[in-house]
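**Student:** Mind having a look at this structure? Questions to follow.
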Amino acid sequence: MTPSARLLRAPWQPGPASAGTAGPVLVSVTEFTADSGPRSVGVAVNGLRLRRSWPATEGAVGIWLWTDPVRRRSGSVSAWTDVRHLTAFVRRPDHARTVRAFRGHGTTRATAWTVPHWDAAAVWRAAREILVGAAPWPAPSYGTGRSAR
Numbered sequence: 001m002t003p004s005a006r007l008l009r010a011p012w013q014p015g016p017a018s019a020g021t022a023g024p025v026l027v028s029v030t031e032f033t034a035d036s037g038p039r040s041v042g043v044a045v046n047g048l049r050l051r052r053s054w055p056a057t058e059g060a061v062g063i064w065l066w067t068d069p070v071r072r073r074s075g076s077v078s079a080w081t082d083v084r085h086l087t088a089f090v091r092r093p094d095h096a097r098t099v100r101a102f103r104g105h106g107t108t109r110a111t112a113w114t115v116p117h118w119d120a121a122a123v124w125r126a127a128r129e130i131l132v133g134a135a136p137w138p139a140p141s142y143g144t145g146r147s148a149r
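Residue 1 is where the sequence shown starts when you use UniProt numbering, and the numbers rise one by one after that.
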């Protein structure tokens, strides 16, 4: 991946915890690279469907969906009050159905880290550096209250 990767980003979708982000926030970055163009579109459509539930997703600060259509990649940059709420979302039936539907039809990467306070611009910059290949994908690091970036 090169820094010239073209990322398209959906507007920030706040979650119910967006107003109370004075303390540490868990940031999650995901990427799915589909094995075909039609599957890439399917993943993006399912992501938009999940995004509609964001205002009612407990513990969600918010989410950006992103896509790199030329490379058949898409994913999310989401923010959470804690790992418990992120895990609850990952296990939700609608999310699990999406994961099962595309399992074996591409590759997935994910990472997460905790920031000491919410700064949307700084979080997007850090996530974008990872997504365009300007920074390596870090191992997940969260739960300590310390920033991993």
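Yeah, the Cβ is synthetic: ideal placement off N, Cα and C, and Gly gets one too. This structure is a prediction, so every number in the text was calculated from the model and none was measured.
T21 by DSSP, collapsed to three states: which one?
**Tutor:** It is coil, neither helix nor strand.
**Student:** What's the gap between the Cα of R51 and the Cα of V99?
**Tutor:** Using only the alpha carbons, I get a separation of about 15 Å.
**Student:** According to DSSP, is L131 helix, strand or coil?
**Tutor:** Note: L131 maps to helix in three-state DSSP.
**Student:** Can you say whether E31 is buried or exposed, counting buried as having 16 or more other CB atoms within 10 angstroms of its CB?
**Tutor:** Classification for E31: buried.
**Student:** For H95 and E58, which I take to be in contact (beta-carbon distance under 8 Å), what is that distance rounded to the nearest angstrom?
**Tutor:** H95 to E58, Cβ: 14 Å. No contact.
**Student:** First and last residue of the alpha helix (DSSP H) that includes G62?
**Tutor:** Segment A60 to D68 is the beta strand (DSSP E) holding G62; no alpha helix (DSSP H) there.
**Student:** Can you give the Cα-Cα distance for W80 and V61, rounded to whole angstroms?
**Tutor:** Whole-angstrom Cα-Cα distance: 5 Å.
**Student:** Helix, strand or coil for P14, going by three-state DSSP, please let me know.
**Tutor:** Strand at P14.
**Student:** Under 8 Å, do H117 and A22 count as touching if we go by C-beta distance?
**Tutor:** Their beta carbons are under 8 Å apart, which means H117 touches A22 by this criterion.
**Student:** Beta carbon of S28, beta carbon of A110: below 8 Å?
**Tutor:** Yes, Cβ-Cβ distance for S28 and A110 is below 8 Å.
**Student:** Within 10 angstroms of the Cβ of S78, are there 16 or more other Cβ atoms? Answer buried if so, exposed if not.
**Tutor:** Answer is buried; the Cβ neighbour count reaches 16.
**Student:** Helix, strand or coil: how does DSSP classify S40 here?
**Tutor:** Residue state, collapsed to three classes: helix.
**Student:** Smallest Cα separation from S40: which of S74, V25 and A121?
**Tutor:** S40 has its Cα closest to that of S74, out of S74, V25 and A121.
**Student:** What do you reckon, is the C-beta of R51 under 7 Å from a heavy atom of the ligand NAP?
**Tutor:** The ligand NAP is not part of the structure shown, which contains no ligands of any sort.
**Student:** Between which residues of its own chain and W66 is the CB-CB distance below 8 Å, once the five residues before and five after are set aside?
**Tutor:** Around W66: L7, L8, R9, A10, S74, G75, S76, V77 and L131.
**Student:** With DSSP as the reference, label L8 as helix, strand or coil.
**Tutor:** If DSSP states are grouped into helix, strand and coil, L8 belongs with the strands.
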